[in-house]
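S.K.: Below is one structure. I have some questions about it.
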Amino acid sequence: MEGDGASHDQWVDRWLAIAYALLFAAVAPLGGYLNLFLQRCGLTDSQIGTVTAVMSLMGVIAPPLWGYWSDRWHNRRTPIALAALGSALTFLAFFSGTFPTVLVVGAFFAFFNSPLVPLLDAFALERLGNTRERYGPLRAWGSWGFVAMMLLFGIALKPNGDKAALVPVLGSFVALRMALFTIAWRLPPNGARQRSGTSDWRILRDLFTERAWCLFLLVSLLSTVGNGAFYAFFPLYLSRNGVGDNWQGYFWVVAVLAEIAFMAWLAEPLTKRLGLKGVMLLGIAGRMVRYGAYAFALPLSALVALQLLHALTFAAVHTASVAWVSLAAPPNGRALAQALYASVLMGVGNAIGAQLGGWLSEHWNIHAMFGFAAAMNAIALVLGHCWLQEPHAAAITTAAPESARRDA
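Below, the structure written as structure tokens:
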């Protein structure tokens, strides 16, 4: 029986790794080519910024709702599957390419797409339990999925194609999300072996009365405003610097290989040595340096070299932050807490960054936009160094449900 249980756990871990690979493989066409496609459909920088901001604002609303449902139902698997299916179906409407339609579609798409990462992270971190330092190697499967897709795009795309050349690339997003929908049903309903209690919206109140939690969100928000501008306009920045569609994929491969190296070999020892605060601030410092460099005219070799900083700008910040949230949140509210964190990052922060970034790029220039992104991370770095404290296990609890009190 014990052998059967161990075998089952191994299969769950394998399906979870595949789920991460599929989840982030779909980020390749979405983050690398969607805004480039919209530009070739005739949208201006400001319009692209507005579309990105609308999707990000929906990311404020949707993840907490899905996270609450997930906690309330004691089920991570079903929301992951439904969100994957919904994001695949709504994404198809992006191919209309007109600004009003894209604006509406973006909101519906983000409702389904934005909760996927926090839901899967909540499942994975529950499963890891007290071995959260293993999150990095597990999450690296997502990075490998991203790399595989970008290499494929680099081979398949021509240097200077039109919008029609990007349609199959974006179509791969739909296929990958449908594959995730299928794989999600292979997972158990929850990452934990026991129920963790009933989620309650009072967790929101309790979290936001914690000074440490609010400071963590503030630092994350400031950093993500700069990060949102970067992700919205970096493909356009590369295009304007003469980087062809196929070579853009290779740029991202360099970045994500650095990310994988960090998650696989550096995340665990650095977390043990520096703590979660140290790793997070190291990543924010990397963002400040990287985006500040883009504010200047750079040769192609420098642009390639700067991609290596993705190990800090994404991997360090992400691994430290999700572990921070899982540690700080009560067991019966971890999906909701991850969703709240995602709301700050993918919602408010990205919306402000994309909207201001689009305005700065169109009315000044794209270099000024990156200067703004670097400045926001400089502020976050100073505040984080002065105010943040290393997180500890949550002291927040919620009242037991009435039925539990009666049973007691």
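Just so we're on the same page, the working numbering is the position in the sequence shown counted from 1, plus 6. Glycine included, C-beta positions come from ideal geometry on N, C-alpha and C.
1) Per the contact definition of three or more C-beta pairs closer than 8 Å, is the region 53 to 73 in contact with the region 184 to 191?
2) Going by beta carbon distance, what residues of the same chain come within less than 7 Å of residue 118, once the five residues before and after it are set aside?
3) Taking the beta carbon of residue 324 as the centre, do at least 16 other beta carbons fall within 10 Å, making it buried, or is it exposed?
4) So, is residue 208 buried or exposed, given that buried needs 16 or more other C-beta atoms within 10 angstroms?
5) Excluding sequence positions up to five away, which residues of its chain have a Cβ less than 6 Å from the Cβ of residue 300?
6) Alpha helix (DSSP H) containing residue 344: first to last residue?
7) Nearest-angstrom Cα distance between residue 286 and residue 141?
8) Taking the CB atoms as reference points, tell me whether residue 100 and residue 173 lie closer together than 8 Å.
9) Pull up the distance between the alpha-carbon of residue 292 and that of residue 233, whole angstroms please.
10) With DSSP run on the structure shown, which of helix, strand or coil describes residue 50?
11) I need the straight-line Cα distance from residue 162 to residue 252, nearest angstrom please.
12) Short check: CB of residue 120 to CB of residue 348, under 8 Å?
13) Of all the options 369, 145, 136 and 283, which has the alpha carbon lying nearest to the alpha carbon of residue 20?
14) From residue 35 to residue 259, what distance separates their C-alpha atoms?
15) What is the rounded straight-line gap between the Cα of residue 307 and the Cα of residue 87?
16) For residue 193 versus residue 340, is the C-beta spacing smaller than 8 Å?
17) Measure the CB-CB distance between residue 396 and residue 283 and report whether it falls below 8 Å.
18) Are residue 254 and residue 244 touching if we call contact CB-CB under 8 Å?
19) DSSP three-state call for residue 168: helix, strand or coil?
20) Can you tell me where the alpha helix (DSSP H) with residue 332 in it begins and where it stops?
21) Look at residue 360 and residue 55 and say whether their C-beta atoms are less than 8 Å apart.
22) On the premise that residue 69 lies in contact with residue 345, defined as a C-beta separation below 8 Å, what is that separation, rounded to the nearest angstrom?
23) Hey, would you say residue 415 sits closer than 8 Å to residue 289, going by beta carbons?
24) Comparing alpha-carbon positions, which option in 269, 109 and 330 lies nearest residue 398?
25) Residues in its own chain within less than 8 Å of residue 166 by CB, not counting five upstream and five downstream?
26) Under three-state DSSP, which class holds residue 397?
27) Let me know the secondary structure DSSP gives residue 258 once reduced to three states.
28) If you measure between the beta carbons of residue 228 and residue 386, is that distance less than 8 Å?
29) Using 8 Å for Cβ pairs, my map puts residue 226 next to residue 327. What's the rounded Cβ distance?
30) Is residue 393 closer than 8 Å to residue 221 when the C-beta atoms are compared?
31) Please state the DSSP three-state secondary structure of residue 291.
32) May I ask which residues mark the beginning and end of the alpha helix (DSSP H) holding residue 314?
33) Can you list, in chain order, the residues of its chain whose CB lies under 7 Å from that of residue 60, leaving out five sequence neighbours each side?
34) Which of the three DSSP states, helix, strand or coil, is assigned to residue 195?
M.R.: Inspection of the coordinates gives the following:
1) no
2) Sequence index remark: in the sequence shown, residue 118 carries index 112 (1-based). Cβ neighbours of residue 118 beyond the five flanking positions: 89, 92, 93 and 96.
3) Looking up residue 324 in the sequence shown gives position 318. So residue 324 counts as buried.
4) Against the sequence shown, residue 208 aligns to sequence position 202. Result: exposed.
5) Here residue 300 corresponds to residue number 294 of the sequence shown, with the count starting at 1. The residues are 376.
6) In the sequence shown, counting from the first residue as 1, residue 344 sits at position 338. Its alpha helix (DSSP H) spans residues 340 to 348.
7) Taking the sequence shown and counting its residues from 1, the one referred to as residue 286 is at position 280. Taking the sequence shown and counting its residues from 1, the one referred to as residue 141 is at position 135. For residue 286 and residue 141, the distance between alpha carbons rounds to 15 Å.
8) What you label residue 100 is simply residue 94 of the sequence shown in a count that begins at 1. What you label residue 173 is simply residue 167 of the sequence shown in a count that begins at 1. No, the Cβ-Cβ distance between residue 100 and residue 173 is not below 8 Å.
9) By 1-based counting over the sequence shown, the position of residue 292 is 286. By 1-based counting over the sequence shown, the position of residue 233 is 227. Approximately 11 Å between the Cα atoms of the pair.
10) To locate residue 50, count along the sequence shown from 1; it is residue 44. Note: residue 50 maps to coil in three-state DSSP.
11) Residue mapping note: residue 162 aligns to position 156 of the sequence shown, counting from 1. Residue mapping note: residue 252 aligns to position 246 of the sequence shown, counting from 1. The straight-line gap from Cα to Cα measures roughly 7 Å.
12) By one-based count along the sequence shown, residue 120 stands at place 114. By one-based count along the sequence shown, residue 348 stands at place 342. Cβ atoms of residue 120 and residue 348: closer than 8 Å.
13) In the sequence shown, residue 20 corresponds to position 14, counting from 1. Considering only alpha carbons, the answer is 145.
14) For the purposes of this step, residue 35 is taken as residue 29 along the sequence shown, with counting starting at 1. For the purposes of this step, residue 259 is taken as residue 253 along the sequence shown, with counting starting at 1. C-alpha separation (whole angstroms): 13 Å.
15) By one-based count along the sequence shown, residue 307 stands at place 301. By one-based count along the sequence shown, residue 87 stands at place 81. Rounded to whole angstroms, residue 307 to residue 87 spans 42 Å at the Cα level.
16) As a position in the sequence shown, residue 193 is number 187, starting the count at 1. As a position in the sequence shown, residue 340 is number 334, starting the count at 1. Going by C-beta atoms, residue 193 is not nearer than 8 Å to residue 340.
17) The residue labelled residue 396 in the question sits at position 390 within the sequence shown. The residue labelled residue 283 in the question sits at position 277 within the sequence shown. It is a contact, given that the beta carbons lie within the stated cut-off.
18) Residue numbering aside, residue 254 sits at position 248 when the sequence shown is read from its first letter. Residue numbering aside, residue 244 sits at position 238 when the sequence shown is read from its first letter. In contact: residue 254 and residue 244 (Cβ atoms closer than 8 Å).
19) For the purposes of this step, residue 168 is taken as the residue at position 162 of the sequence shown. Correct three-state label for residue 168: coil.
20) As a working note, residue 332 is residue 326 in the sequence shown. Run containing residue 332: 323 to 334, per the alpha helix (DSSP H) assignment.
21) Taking the sequence shown and counting its residues from 1, the one referred to as residue 360 is at position 354. Taking the sequence shown and counting its residues from 1, the one referred to as residue 55 is at position 49. Cβ atoms of residue 360 and residue 55: closer than 8 Å.
22) Taking the sequence shown and counting its residues from 1, the one referred to as residue 345 is at position 339. Taking the sequence shown and counting its residues from 1, the one referred to as residue 69 is at position 63. Right, their Cβ atoms sit about 4 Å apart.
23) Since the displayed the chain opens at 7 and closes at 414, residue 415 lies outside it and no answer follows.
24) Position 392 of the sequence shown, counted from the first residue, corresponds to residue 398. When each option's Cα is compared against that of residue 398, the closest is 330.
25) Sequence index remark: in the sequence shown, residue 166 carries index 160 (1-based). For residue 166, where only same-chain residues beyond five positions count, the Cβ hits under 8 Å are 250 and 251.
26) Translated into positions along the sequence shown, residue 397 becomes position 391. It is coil, neither helix nor strand.
27) The count along the sequence shown starts at 1 and reaches residue 258 at position 252. Three-state result, residue 258: helix.
28) Here residue 228 corresponds to residue number 222 of the sequence shown, with the count starting at 1. Here residue 386 corresponds to residue number 380 of the sequence shown, with the count starting at 1. Yes.
29) In the sequence shown, the residue the question calls residue 226 occupies position 220. In the sequence shown, the residue the question calls residue 327 occupies position 321. About 7 Å separates the two Cβ atoms, so the contact holds.
30) The residue labelled residue 221 in the question sits at position 215 within the sequence shown. The residue labelled residue 393 in the question sits at position 387 within the sequence shown. Contact: yes.
31) Here residue 291 refers to the residue found at position 285 of the sequence shown. If DSSP states are grouped into helix, strand and coil, residue 291 belongs with the helices.
32) For the purposes of this step, residue 314 is identified with residue 308 of the sequence shown, where counting begins at 1. Looking at the DSSP string, residue 314 is not in any alpha helix (DSSP H), and its letter there is neither H nor E.
33) Along the sequence shown, read from residue 1 onward, the residue named residue 60 stands at position 54. Answer for residue 60: 109, 112 and 113, listed in chain order.
34) If you number the sequence shown from 1, residue 195 lands on position 189. Residue 195 falls in the coil class under three-state DSSP.
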